[in-house]
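Data first, discussion second: the structure below is written as structure tokens.
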Amino acid sequence: MRELVVLGTASQVPTRTRNHNGYLLRWDGAGLLFDPGEGTQRQMTHAGVPATQVTRICLTHVHGDHCYGLPGVLSRMVLDGVAHPVHLHYPASGEEVVRALVSLATPGLDLRLHPHGSSGAVAPGLEVRPLHHRVETYGYRLVEPDGRTTLPDRLAAAGITGPDVGRLQRDGRLHGVRLEDVSAPRPGQRFAFVMDTAPCRGAEELAEGADLLVAESTFADDDAALAAQHRHLTAGQAGALAAAGGARALLLTHFSSRYPDVAPLAEQARARARGTAVLAAEDLDRIPLPGRRRETSAGGHPGERS
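The number in our numbering is simply the position in the sequence shown, starting from 1, with 22 added.
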């Protein structure tokens with residue numbers, strides 16, 4: 023299963039209908055928890071998401087609305103008997119804050135700290151890029167390696183059936199038949215997470231080719247001056263970011279409390295997102311990743327998603 027569970031959508035100040043940030047990406051057997059703000063533990067209960075599913079926690083930066091829920095989540099994981107290692111990724115300049123938050127949690131968890139201070143890979147398939155905010159901030163991107171999709175008609179013509187299909191996929195060649203002769207390229211899925219930033223190159227790199235781009239939309243376009251002052255994105259800028267990167271779906275979140283209705287923000291994003299599907303997140307939403315991209319034929323051009 024690959025889906026994003028939205029635990030909170032508020033920026034700086036929570037509201038009656040929006041909890042502070044929190045996003046759990048369920049990716050096969052892994053659970054990546056992004057930016058757990060206050061109340062994340064309770065939101066996980068409302069969402070029916072057990073703490074035992076969390077395998078990694080990723081902090082974009084150490085402003086409170088993105089990390090003050092960390093002690094509660096860690097303590098809940100201890101209470102629930104989580105035995106697997108939990109990896110915590112965060113900007114190196116936030117070390118003091120992170121260690122203070124971790125010290126408040128109930129001991130007994132195999133928590134492994136991974137500070138990062140530059141662009142690049144921080145775990146298999148997981149990358150970071152620097153963003154442009156008031157403190158050191160990084161966005162995240164999860165990238166699945168490209169693979170190949172076998173084509174039933176070509177397999178049948180080659181006389182390959184049953185367990186031999188698996189052997190061919192593992193070995194790349196079987197009985198003189200090459201895998202590329204009976205399959206088409208299958209681009210891996212990409213998930214990108216961009217929070218608290220003014221427009222910047224790092225955000226563009228994260229958004230490139232994303233199947234699902236989660237991006238802050240703190241301000242409406244009419245408040246662009248405020249967005250620039252506080253180094254945040256407007257809804258239109260989030261839409262432009264998705265369009266420039268060729269993202270297939272854009273999920274807007276991190277809304278200022280000044281906007282009780284975020285439908286106009288979604289419209290502003292759509293006006294600049296061109297072919298990207300745009301959705302404004304609500305607390306407790308479950309957003310499935312778009313189906314895989316696929317090729318129309320071996321060596322062909324990208325076709326519709328499968």
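Backbone N, C-alpha and C fix where the C-beta goes; we use that ideal spot for every residue, glycine too.
Computed from a predicted structure; not experimentally measured.
For the candidate residues the options, whose alpha-carbon lies nearest to that of residue i?
i: L235; options: P93, V300 and A246; result: V300
i: P146; options: T62, L54, H106 and G297; result: L54
i: V120; options: L135, S97, L273 and M99; result: L135
i: T240; options: L26, V104 and S33; result: S33
i: T39; options: R294, A295 and S278; result: S278
i: E158; options: H254, A114 and R192; result: A114
i: A242; options: E166, D57, E118 and L287; result: L287
i: F109; options: L101, D102, L92 and E118; result: One detail in the question is off: residue 109 reads as His in this sequence, not Phe. It is L92 whose Cα lies nearest to the Cα of H109.
i: R98; options: E118, H88 and G61; result: G61
i: G169; options: H154, D186, Q191 and L273; result: Q191
i: V35; options: G258, P282 and H154; result: P282
Which same chain residues end up closer than 8 Å to residue i when comparing Cβ atoms and leaving out the 5 residues on each side of it in sequence?
i: R195; result: L201
i: E226; result: L263, A266 and G267
i: V284; result: S239, L274, F277 and A302
Exposed or buried, which one is residue i when buried takes at least 16 other CB atoms within 10 Å?
i: G313; result: exposed
i: E238; result: buried
i: A249; result: buried
i: R151; result: buried
i: H42; result: buried
i: G224; result: buried
i: L96; result: buried
i: S205; result: buried
i: T21; result: In the structure displayed, the chain extends from 23 to 328; residue 21 sits before or after that span and is not available.
i: P58; result: buried
Got a sec: does the ligand COA put a non-hydrogen atom nearer than 8 Å to the Cβ of residue i?
i: A105; result: This structure lacks the ligand COA, and indeed carries no ligand of any kind.
Tell me which residues share the same chain as residue i and place their Cβ nearer than 7 Å to its Cβ, disregarding the 5 neighbours each side in the sequence.
i: L148; result: Y162 and L164
i: G231; result: R212, G267 and G268
i: E25; result: R48, R308, I309, P310 and L311
i: R228; result: Sequence check: residue 228 is Leu here, not Arg. Once the five neighbours on either side are set aside, the close Cβ partners of L228 are R151, G161, R163, A214 and V216.
Ordered along the chain, which non-local residues of its own chain (more than five positions away) have a Cβ less than 6 Å from that of residue i?
i: R292; result: V300
i: T275; result: T31 and A303
i: D233; result: Q211, R212, R270, L311 and P312
i: R189; result: L196
i: V100; result: T128, G130 and L131
i: D102; result: A73 and T74
i: H111; result: C80, H136 and V144
i: G116; result: V84
Cβ contact (3+ pairs, closer than 8 Å) linking the segment 117-126 and the segment 58-68
Because the criterion of three Cβ pairs below 8 Å is not met, the segment 117-126 and the segment 58-68 do not touch.
Tell me, please, whether the segment 203-219 touches the segment 83-93 by the rule of three or more beta-carbon pairs shorter than 8 Å.
As far as the Cβ criterion goes, the segment 203-219 touches the segment 83-93, which means the pair count is three or higher.
Three or more beta-carbon pairs under 8 Å between the segment 69-76 and the segment 39-51, yes or no?
The segment 39-51 and the segment 69-76 touch, with three or more beta-carbon pairs separated by less than 8 Å.
Only counting runs of 3 or more residues, tell me where the beta strand (DSSP E) segments fall wholly within the segment 184-230, in order along the chain.
If we require 3 residues or more, the beta strand (DSSP E) runs fully inside the segment 184-230 come out as 205-208 and 212-216.
Give the list of continuous beta strand (DSSP E) stretches no shorter than 3 residues that lie fully inside the segment 149-180.
List check, beta strand (DSSP E) in window: 160-165 and 169-172.
For the segment 273-308, which segments carrying the alpha helix (DSSP H) assignment without a break, of at least 4 residues, lie completely within its bounds, in sequence order?
If we require 4 residues or more, the alpha helix (DSSP H) runs fully inside the segment 273-308 come out as 285-295.
In chain order, which continuous runs of the alpha helix (DSSP H) of length 4 or greater are located wholly inside the segment 79-163?
Scanning the segment 79-163 from its first residue to its last, the whole alpha helix (DSSP H) runs of 4-plus residues come out as 92-101 and 117-125.
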